Amino acid sequence: MNKGFCYQENTHFSQAVKCSREKFWDSVRNTSTAWKIDSRREILEAVEQHNSEVTGKWLKNEDYGKFLAKKRGLKKLSARQKFFEKSDEERLLAFAQELKDNLVAFIFSCYEFDATPTANGNPFCHRRLADCHLNGLVMLDIDHVDNPLEIFEALKANQELMARTALAHITSSKKGIRIIFTADIKDGNLADNQIVFAEKLSYKADSSCIDATRNSFAPKEEDILYINEDLLFDYYDEDFDREYTPQYRERNTQPLHHEFPAADGADGSVHAKTVAVASESAEQGAETVRNVDVPASGLTWKGYDVQSIIDLRYGDKLPCAADSNRHNESLKLASDLLIMFDGDKQKTLAMLKAQPWVQEIIDERDENVEQTVSSAAQRMAEREKKYLSQQPSKAMQDAIKEATGQTYQEVTQAKTSTSVAVTEGDIERWLWDWGEQIESLFDDFPLLRDICKGLKKNQYPAAMFVAGGLMMTLMTRCTYRFYHRPEELRRLNNSTLIIGDPASGKSFATRLFKLLAAPMVAADKAGIAAINRYKEEMKTKGANKEKPQKPKALFRVHPARTSNAQFIQDMVNAVEVVDGTEMQLHMLTFDTELDNTMTVQKGGSWIDKMSLELKAFHNEEDGQAYSNLDSVVQNFFVFWNYIYTGTPMALKKKVNAQNFGSGLATRLTCIPLPGTNFEMMERESTIDFESDGRLKEWAFKLDRVKGELSVQKIVDELYDWTARRMMDAKENNSKADEMLLKRCAYHGLNFSAPFIVMRHWADIHQDGQYWCGEFETDATDWKLAELIVTIQYACQRHYFGALAEKYFDDKTRDAAVNTPRRAKTIEAFNRLPEVFTIDDVMRCFGLAQNNSARARVFRLLKDGLVEKVDEFVENGTTKAKYKKTGAVMI
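Numbers -15 to 874, taken from my numbering, label the letters of the sequence shown in order.
Spelled out as structure tokens, the structure:
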């Protein structure tokens, strides 16, 4: 009876169906098969030998490029990040593995799989034990051998084994052999036959290859060492099928009459001559897990029951066969438990085996849970090379929070944690407190009452900062001296973002903009009209007509959708002579949708504004030299204040881990606007025109203020405040705090300046069209400035604390990764005695030949690291002695 075996065209989505002779030969003779195998071998060899020429060729390969593009399209961000954290060689190895996985796969031990209905009702032949039918053929893998042909020669020398052999071929790694042979029912099941057959070849079978449904990827034709087509395509042992198929369908796959070698048990270790296919993690030398009984019941983490946390992690949705996720979930859970148990593999193994869904896959297919733990440990070891610390998955952290009432960080860190990030709860509470402090200042700074009109107290901070940003822009003709480089006159700069959920009440900012920016908007009208007239004239002039000269008009309040050329030209034109000196005035941009602002930045209308945003805070120099006629070649200083309102998601797009190092975060003033918590706003029944009038009146006054502000006492106080916070950062050894702190004093002064000037208006006098004068600041002024700088620092830590910590962690990690690149050479040099010979060089550097040692010494001499000090004769040969010079090898 002709039974044969099965195959899958693609292991990811194809059915397991009967393989004909024609399909088998088409697969092994296919040029695609040969290319994939040859390419895989070339990559494996190049990576093993660190052949940069060959790896460089593959890095430019078109198919490898498509492979990378597919990885970039991974849906899960964590999966994408994890892949692209790999080195080029690791990515090439992953590509080589995919080449193998995309080969046609043969299932030599099964002649058929029962069809079962899928979710849509269509029958499908799954490659699984529960549906298998055995044909009596056995597959033996022997891998990781230097010369697979030696095994084949041993096979040919044994007539009994050769008579049972249906197929023998070299594997795709070129370092293994696969043998398909007929089972002897007297020896037992498939695993028994593997053990007996391998022992007769003086090799040891591998316990990981006992699954009857195990795939065998197609070889190329020239790798086939022997084939008996009658046995391969027509063999069927009905007795073997009748005896063992029911057992395999019940997942009873372990040997019945023999045992696998002790050295090849669950720990994954391999006998010196054994080289059966094992998992990649075992190949990488993961430290193994000994099967030591540890009771799972009663295991705790930080005093909390671990099983209760695991139950919360999965809830009612346990991993199951229908979702095909039990192995992957067991690997994830093992990783989480290893972190929680501080790398204790026995405890991890015990908890893993205690899960009912893990027991299912142990019963069904004899799942090697010990190997799962070893694989998880290997992955952790690889990640430790890049990251200083690891945390459980988000799902596990959520379960920990539900079980303990605290976050994972709060449970694991001491009460004196130096974490910089400020929690949402802290900010919510502080906003009310800051609002009350602002309300207490209403009598001293009356305009604050009008600014905060109609808002809840926890919205007062946002209103104060929006108003402060607008009013300091009005005071563009003012300067002050800071404690850093006091010889420089500083300007009042701000980059303000008000961050709140949609419909959280950000519209108050629009009201303040309309009232406080009124003087600038009014002044722009003439300039905008002149620019529009110029454009109209340009459209009506013929090709040979004389073109009108572009006006140098004053246009300072720009919308978000503004071209670079227009923006820069208007900024350069915004110059006014103040006290005999030309002074560049600030530009202003206000937008109620940060998302919209960033969207238009991506188009041609707003290209490269990030550079201007960065340089605006300290009025740094920028320049342009484009070929288009509208962009004048020039250098300029950036004077630009901008105020946006937006959502937390928009802020994450603006400042994230990828661009945090740019320094934009510490230049930004990000103030939260809290949620309304289902509370209605106060219903206003009276129309208060006087409040709006006062805001507008002060706007026109501040728009004409000039001169150096006498705020030196505030500057001194800010210096002392910063010094105290810096001492806190030093005690906490927090570089993140240090970074976030450095620019806070600028914010404290800039935002308080307009309010301080208004409070001391009695000391201000009119000088022509401007207002100016000296005044003496006091404790009340400092109270406001201190509140502002405190809010700024707290909000910096709230929004950017975690990013700052990650920035410095990554910086330390990168340094740790880069440092040991030449550690082997340096360590070998350090092992050399002060005075040494060529023999010492061979020993310390691990060199096998004198010529290599002499070449090494020559390089050391040329680098000035050693010098020749003596010669002596040994066994008739003149040898030299060398001495270290004391120079450091780098």
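Just so you know, even glycine gets a beta-carbon here, dropped at the ideal spot from N, CA and C. Predicted model only: the values in this text are computed from it and were never measured.
Counting along the chain, no beta strand (DSSP E) covers Y703; the unbroken alpha helix (DSSP H) around it starts and ends at 696 to 715. Here the C-alpha atom of P101 lies approximately 20 angstroms from the C-alpha atom of Y(-9). Out of V31, L124, S16, the CA that lies nearest to the CA of L83 is found in S16. No residue range can be given for Q533, since it is assigned to no beta strand (DSSP E) and is classified by DSSP as neither H nor E. Y610 and V616 have their C-alpha atoms spaced approximately 8 angstroms apart. E69 and D793 have their C-alpha atoms roughly 15 angstroms apart.
Fewer than three beta-carbon pairs drawn from the region 695 to 715 and the region 429 to 439 are found closer than 8 angstroms, and the two stretches are therefore not classed as touching. Under the Cβ criterion (8 angstroms, minimum of three pairs), the region 720 to 731 counts as touching the region 695 to 711. Judged by pairs of C-beta atoms under 8 angstroms, the region 732 to 739 touches the region 764 to 779, as three or more such pairs exist. Note on geometry: alpha-carbon atoms of E(-7) and A89 lie some 7 angstroms from one another. Straight-line spacing of the CA atoms in V1 and E74 works out to 34 angstroms. The Cβ atoms of I208 and H128 do not sit closer than 7 angstroms to each other.
Within 10 angstroms of the beta-carbon of F856 lie fewer than 16 other beta-carbons, which makes it exposed. In the three-state scheme derived from DSSP, where H, G and I count as helix and E and B as strand, K852 is classed as strand.
Closest by C-alpha distance to D765, out of Y219, R781, P738, W755, is P738. In the structure shown, I169 adopts coil according to DSSP, grouped into three states. Note on geometry: alpha-carbon atoms of A506 and L458 lie some 12 angstroms from one another.
For Y298, the enclosing alpha helix (DSSP H) stretches over residues 290 to 298. With fewer than 16 other Cβ atoms from the protein chains shown falling within 10 Å of its own Cβ, I671 counts as exposed.
Contact annotation: A447 and L454 have beta-carbon atoms that are not nearer than 7 angstroms.
Inclusion of V841 and V825 in the CB contact set at 7 angstroms is warranted, their separation being smaller than that value. Counting C-beta pairs closer than 8 angstroms gives fewer than three between the region 324 to 333 and the region 299 to 307, which falls short of the contact rule. Excluding its 5 nearest sequence neighbours in each direction, S23 has C-beta neighbours in its own chain below 7 angstroms: L83, listed in chain order. Scanning the region 312 to 358 for uninterrupted alpha helix (DSSP H) segments of 4 residues or longer gives 329 to 337, 340 to 349, listed from N- to C-terminal end. A direct Cα-Cα distance of roughly 23 angstroms separates I482 from L686. For the pair L425 and G452, the Cα-to-Cα distance works out to about 15 angstroms.
Distance from the Cα of K44 is smallest, within the candidate group R64, F79, F67, I21, for F79.
In this model, E560 and L538 are separated by some 10 angstroms (Cα to Cα).
At a Cβ-Cβ threshold of 7 angstroms, L652 and S479 count as neighbours.
For H241, the closest C-alpha among the options K170, F217, E227, D823 is that of K170. In this structure, the CA atom of N619 is about 12 angstroms from the CA atom of M555. CA-to-CA, the gap between S11 and A202 works out to about 7 angstroms. If only complete runs of 3 or more residues are kept, the region 621 to 677 shows the beta strand (DSSP E) at 624 to 630, 653 to 657, in order along the chain. For C436, the CB contacts under 6 angstroms within the same chain, skipping 5 residues up- and downstream, are Y444, A447 in chain order. Counted as a single uninterrupted DSSP element, the alpha helix (DSSP H) harbouring Y392 occupies residues 392 to 396. DSSP places Y(-9) within a strand segment (E or B) once states are collapsed to three.
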